[in-house]
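Asks: Numbering (this note's numbering), first residue to last: -3 to 151.
C-beta atoms are modelled at their ideal positions from N, C-alpha and C, and glycine is treated no differently.
Submitted below is the structure of interest, expressed as structure tokens.
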């Protein structure tokens, strides 16, 4: 077993580092002690919120909902080196497929892969199994088709 100190995102059960806002996400912890980032009762709830957030942004972008465009919203150039962020997402996001900056995000596999890449870019690692990410996807409730569990696939 590897010993490590949890990152801020992991401690907050918010591995994509969703900022505090007026949105009352399902699964927010009752007590919010981090002034900048939401804290969730479980990582499934935090990842679920990220997937819904990504889906909302993709809907607004329409056909322009690429990895690069969504990362520019998630990690804006005013706060981040967005090109480096996109590179980290693409290099570390692929679970079911390979991501590139121009990959259009439309399918469950693409959303989950993008989310995994964002988790990696935000935390320097992704400690969550594929099954855990799929559980979060299936918990969104806004998608018509659930993804089957992928037993034995850890990332």
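So, with DSSP's three-state summary, where would you put residue 125?
Replies: DSSP places residue 125 in coil when its eight states are reduced to three.
Asks: CB-CB under 6 Å to residue 10, same chain, minus the five flanking residues each way: which ones, in chain order?
Replies: 33, 34, 36, 42.
Asks: Let's see if you can read the secondary structure: which residues bound the alpha helix (DSSP H) around residue 0?
Replies: Where residue 0 is concerned, there is no enclosing alpha helix (DSSP H), given that its DSSP letter is neither H nor E.
Asks: Can you give the Cα-Cα distance for residue 94 and residue 108, rounded to whole angstroms?
Replies: Between residue 94 and residue 108, the C-alpha separation is close to 12 Å.
Asks: First and last residue of the alpha helix (DSSP H) that includes residue 40?
Replies: First-last of the alpha helix (DSSP H) with residue 40: 39 to 57.
Asks: Would you mind sorting residue 23 into buried or exposed? The rule is 16 or more other CB atoms within 10 Å of its CB.
Replies: So residue 23 counts as buried.
Asks: Looking at the structure shown, is residue 106 part of a helix, part of a strand, or coil, going by DSSP?
Replies: DSSP places residue 106 in helix when its eight states are reduced to three.
Asks: May I ask you to report which of helix, strand or coil DSSP gives residue 33?
Replies: Residue 33: strand per DSSP, three-state reduction.
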